[in-house]
Amino acid sequence: MDSLEVLKQEYIQKYSDRKLVFGEGKTSGGIMLIGEAPGGEEEKMGRPFVGKAGKNLDEFIELAGLKRKDLYITNVVKFRPTSVSEKTGKPINRTPSREEIEEFVPLLKKEISTYKPYLIVTLGNVPLKAVTGNNRLAIGDCHGSIIEQEGLNIYPLYHPASVIYNRNLKNIYASDVKNIKKYIHS
Ligand code: URA
């Protein structure tokens with residue numbers, strides 16, 4: 080078993096009471112998309128970005144002239160972080176805590192070193208901070224241009240879900256996505 084698989088097995092054991100959602104897609108030398116954490120639909124299906132945010136992500140993929148099968152798609156945190164809705168008493172998605180993020184960073188780093196992507200696209204603040212290790216970076220200040228760090232090319236994009244909730248971001252997001260084309264090669 081390779082070391083990534085060993086690490087995954089460790090998390091599966093540790094979180095035996097939760098359903099983990101691991102990355103999927105092209106497994107070497109391509110583009111890696113990194114989200115925050117799975118939501119309810121992702122948890123149900125056991126696959127990243129298959130719910131509402133996934134639909135927006137598919138639009139991005141198409142606009143960038145890519146296909147889902149050309150990409151490796153993953154999340155920083157591999158379980159669905161939830162809190163209880165005061166209104167309905169049902170579980171709702173929440174942003175992962177700093178501790179939860181730190182807990183899963185070693186697995187993310189291992190995914191990166193195993194798949195050696197030539198381009199990493201971070202979706203929102205959580206993966207931006209997790210990949211760069213810089214908690215002071217904010218997506219609003221660095222979206223749409225490349226950050227080069229330790230041999231990695233990181234392209235920060237807004238999270239596709241933030242575009243659902245904030246229509247003003249839609250144009251910025253679309254122009255960032257078009258801009259990404261110059262960094263993509265086949
Ligand atoms: N949002 C994320 O960040 N990741 C998913 O997999 C789904 C929604």
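If you count the sequence shown from 1, position 5 lands on 84 in our numbering, and the numbers rise without skipping. Where is the CB? At the ideal position from N, CA and C, for every residue including glycine.
By the CB criterion at 8 Å, K169 and G125 fall outside the cutoff. With three or more CB-CB distances shorter than 8 Å, the region 100 to 117 counts as touching the region 139 to 155.
A distance below 8 Å separates the beta carbons of L112 and V200. Bounds of the beta strand (DSSP E) holding E227 are I226 to Q228. By the neighbour-count definition (other C-beta atoms within 10 Å, threshold 16), Y94 is an exposed residue. If you draw a straight line from the Cα of R246 to the Cα of E179, it comes to about 29 Å. DSSP, read as helix, strand or coil, puts P170 in strand. The region 207 to 259 contains, as complete alpha helix (DSSP H) runs of 4+ residues, the segments 218 to 221, 239 to 244 and 248 to 259 (chain order).
In the structure shown, the three-state DSSP call for E179 is helix.
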